[in-house]
Amino acid sequence: MLFLRKFSLLSLSLVAFMLLSLSLSAEEERKEIKIESITAESISNDEQGNLLLEGKVLIKTNLLTFSTDTALFNQSEGVIELFGNVEVKSEKVTLNSSEVLANLNRQTLAVKQVEINNNDSVFSSAQE
28 MLFLRKFSLL SLSLVAFMLL SLSLSAEEER KEIKIESITA ESISNDEQGN LLLEGKVLIK
88 TNLLTFSTDT ALFNQSEGVI ELFGNVEVKS EKVTLNSSEV LANLNRQTLA VKQVEINNND
148 SVFSSAQE
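Per the numbering used here, the very first residue in the sequence shown carries number 28; after that it's consecutive.
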């Protein structure tokens, strides 16, 4: 029961974030998320060919900006795993978490715990 309540709250928070950050009118098309730049103190590849980003990681896209301590980017799948002090910013909303899984192709985010801020005020908060 407690798990379902936490899961529901977390799901609701994510839906709210996605609606606020990627809200589009009926006439507009959904914009593809494209990476514009990636910076980190250390950039290497793991055994599977994913980019391993460590130290002051900053990933800028045309719609969102990701900052974190460590990230793993699978370019072919469009998936970014972010770990430690994660912040995801859009024009309207900021999401803070300890872990985020972002699928750029599907335009989805999965988080372990989350705090969502809108205009410098806490909009929503949830934990696993």
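In this text, a Cβ means the ideal position worked out from N, Cα and C, and glycines have one as well.
Since we're looking at a predicted model, the values are computed, not measured.
Query: What is the rounded straight-line gap between the Cα of residue 84 and the Cα of residue 117?; Result: 17 Å
Query: Once you ignore the five residues that flank residue 70 on each side, which residues in its own chain have a CB closer than 7 Å to its CB?; Result: 78, 80
Query: Closest to residue 86 by C-alpha separation, out of 114, 64, 101, would be which residue?; Result: 64
Query: Using only alpha-carbon positions, find the residue among 92, 103, 67 that is nearest to residue 132.; Result: 103
Query: In the DSSP assignment, what residue or residues form a beta bridge with residue 124?; Result: 113
Query: Using only the alpha-carbon positions, how far apart do residue 137 and residue 60 sit?; Result: 16 Å
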